[in-house]
Amino acid sequence: MIDIVCTLGPASSKPEVIRQLLEQGMTVARVNLSHSDQRTHRDVIHTVREVARSIGKHVSILGDLQGPKIRLGEMFAQQVVGEQPFDLADILQLLSGKVPSARNGRNTVR
Numbered sequence: 000m001i002d003i004v005c006t007l008g009p010a011s012s013k014p015e016v017i018r019q020l021l022e023q024g025m026t027v028a029r030v031n032l033s034h035s036d037q038r039t040h041r042d043v044i045h046t047v048r049e050v051a052r053s054i055g056k057h058v059s060i061l062g063d064l065q066g067p068k069i070r071l072g073e074m075f076a077q078q079v080v081g082e083q084p085f086d087l088a089d090i091l092q093l094l095s096g097k098v099p100s101a102r103n104g105r106n107t108v109r
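Quick note: the sequence shown uses numbering that gives the first Met the number 0, first residue 0, plus one each step.
This is the structure:
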C-alpha cells in the first residue's frame, strides 16, 4: 500500500481543508513539531482525528521532530560544556512541562 503524506500548516489545518485532503486520498497527516507550540499541535491532531472520524476515514499522524533539532530544556550542569551527556545504552525520559532534571536515578531531559 502506498501512503499519501500531506504536511499540515496554518493554511491547511482548517477542518474543511483537512476534509478535502482526506477525500482526495491523504492517509498520513504530517505535523512539523519544530514550529508552533504544544497546544497548536494538539488542536491540529484533534481536528484531523475528528474530521477523519466524521467521514469514516482512517488517517495516521506523523509528528516530524526534525532529527537532532528537537528542542530540549535545561540539562545537568556537568553536561553543558563539551561532554557527551549520555552513553548509547542509557535510557532517557523526554518530558514536557516543569519537572526536576533527575528523578529516581534516571536521566530526564525536560
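Virtual Cβ for every residue (Gly too), placed ideally from N, Cα, C. Note that the structure is a prediction, hence the values are computed from the model and not measured.
Item, Value
"In this structure, does DSSP put residue 60 in helix, strand or coil?", "strand"
"When you compare only the Cα positions, how much space is there between residue 86 and residue 11?", "41 Å"
"Give me whichever residues DSSP pairs with residue 29 in a beta bridge.", "6 and 61"
"Taking the alpha-carbon positions, what's the residue 8 to residue 90 distance?", "33 Å"
"Identify which residue in 6, 34 and 46 has its Cα closest to the Cα of residue 61.", "6"
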